[in-house]
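Quick note, the sequence shown lines up with residues 1128 to 1317 if you use our numbering.
All residues carry an ideal CB built from backbone N, CA and C; glycine is no exception.
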Amino acid sequence: MHFISSTAITLLSAALMARGETFKVMVGRNSTGPALEFFPNQVNAAAGDHIQFIFTGKNHTVTQSSFKDPCTLQFNTATGLAGVDSGFMPVAANASEFPTFEIEVVDAQDPQWFFCNQAKHCNSGMLFAINPPTTGAKTFDAWVALAKTADHPDPALNQTVPFTPPAPRVTSHASTFFVAFLALAAHSLL
């Protein structure tokens, strides 16, 4: 018979709580029903928080862009990779289950911008932001105004806009160490 110590339970509980908050965002819906919107359209999140996008109707995407080019998939020149893109998530009109797409907030200091890559949904205001500034030239409202007249490349062409991220910040690897410690502790209990 195996017994789990109170220390192991405490460590496991701490690891589970370290995941952070999960924000649920409806895609293709607002507070009153179906709409070309994300609801809510912005959140203030901390590093380690998660954003769960719930696709509620039609065929939408969650696609990362930049403030400068709100309706174009961002391309990270440092990594050679495109930004976050859920791909199209079709939902039948009579659906009772809805697809989800989840991202983790890694950088909570810089705003992150997202749009729906379907036709002209971005130009219509189907936009979402994580930690947008509330003052200055790059607020959420300024970004929405910019999106109204932005170019929207055909998503089938998979066009991207180059983006060079800011220099890496010094981060702590304590959480990685903690997870490794928990794995070892759990293994020793078996």
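Anticipated Cβ contact below 8 Å, Pro-1238 with Ala-1209, distance rounded
As a working note, residue 1238 is residue 111 in the sequence shown. As a working note, residue 1209 is residue 82 in the sequence shown. In this structure, Pro-1238 and Ala-1209 do not form a Cβ contact; the two beta carbons are roughly 18 Å apart against a cut-off of 8 Å.
Who are the near neighbours of Ala-1173 in its chain, counting only those whose CB is closer than 8 Å to its CB and skipping five residues on each side?
Residue mapping note: residue 1173 aligns to position 46 of the sequence shown, counting from 1. Within the same chain, Gly-1147, Glu-1148, Val-1232 and Ala-1235 come within 8 Å of Ala-1173 by CB-CB distance, once the 5 residues on both sides are set aside.
Please go through the same chain and pick out, in chain order, the residues whose beta-carbon is closer than 8 Å to the beta-carbon of Trp-1270, but skip the five residues on each side of it.
The count along the sequence shown starts at 1 and reaches residue 1270 at position 143. So the list reads Phe-1194, Pro-1197, Trp-1240, Leu-1254, Ala-1256 and Pro-1259, once near-sequence residues are dropped.
Under DSSP, the beta strand (DSSP E) around Val-1271 begins and ends at which residues?
In the sequence shown, counting from the first residue as 1, residue 1271 sits at position 144. Per DSSP, Val-1271 is not a residue of any beta strand (DSSP E); the alpha helix (DSSP H) it occupies stretches across 1267–1275.
Leaving out the 5 sequence neighbours to the left and right, which residues in its chain are closer than 6 Å to Val-1189 when beta-carbon positions are compared?
Residue mapping note: residue 1189 aligns to position 62 of the sequence shown, counting from 1. Cβ neighbours of Val-1189 beyond the five flanking positions: Phe-1180, Ser-1213, Phe-1228 and Phe-1241.
Pairwise C-alpha distance: Thr-1206 and Asp-1162
If you number the sequence shown from 1, residue 1162 lands on position 35. If you number the sequence shown from 1, residue 1206 lands on position 79. Position check: residue 1162 holds Ala in this sequence, whereas Asp was assumed. It is roughly 35 Å from the alpha-carbon of Ala-1162 to the alpha-carbon of Thr-1206.
Residues bridged to Pro-1167 (per DSSP)
What you label residue 1167 is simply residue 40 of the sequence shown in a count that begins at 1. Pro-1167 pairs with nothing; no bridge assigned.
Opposing strand residues paired with Asn-1186 [DSSP bridges]
Translated into positions along the sequence shown, residue 1186 becomes position 59. Answer is Pro-1217, bridged to Asn-1186.
Exposed or buried, Thr-1261, counting other C-beta atoms within 10 Å across all chains shown (16 or more means buried)?
For the purposes of this step, residue 1261 is identified with residue 134 of the sequence shown, where counting begins at 1. Residue environment: Thr-1261 is assigned as exposed (fewer than 16 neighbouring CB atoms within 10 Å of its CB, all protein chains considered).
If you compare alpha carbons, which of Ala-1222, Ala-1220 and Thr-1199 is closest to Cys-1249?
Within the sequence shown, the letter at position 122 stands for residue 1249. For the residues Ala-1222, Ala-1220 and Thr-1199, the minimum Cα distance to Cys-1249 belongs to Thr-1199.
Kindly list the residues whose CB is nearer than 8 Å to the CB of Lys-1265, restricted to its own chain and excluding five residues on each side of it in sequence; keep chain order.
Counting from one through the sequence shown, the residue named residue 1265 turns up at place 138. Correct list, in chain order: Phe-1194, Pro-1238 and Pro-1259.
Note the first and the last residue of the continuous beta strand (DSSP E) segment covering Gln-1318.
Residue 1318 falls outside the range modelled here, since the chain spans only 1128 to 1317, and no answer is possible.
Ordered along the chain, which non-local residues of its own chain (more than five positions away) have a Cβ less than 8 Å from that of Asn-1351?
Past the boundaries of the shown model lies residue 1351; the chain is included only from 1128 to 1317, so the question cannot be answered.
Could you pull out every residue in the same chain whose Cβ sits closer than 8 Å to the Cβ of Lys-1151, ignoring the five residues on either side in sequence?
For this step, residue 1151 is matched to residue 24 along the sequence shown. The answer, listed in chain order, is Gln-1179 and Ile-1181.
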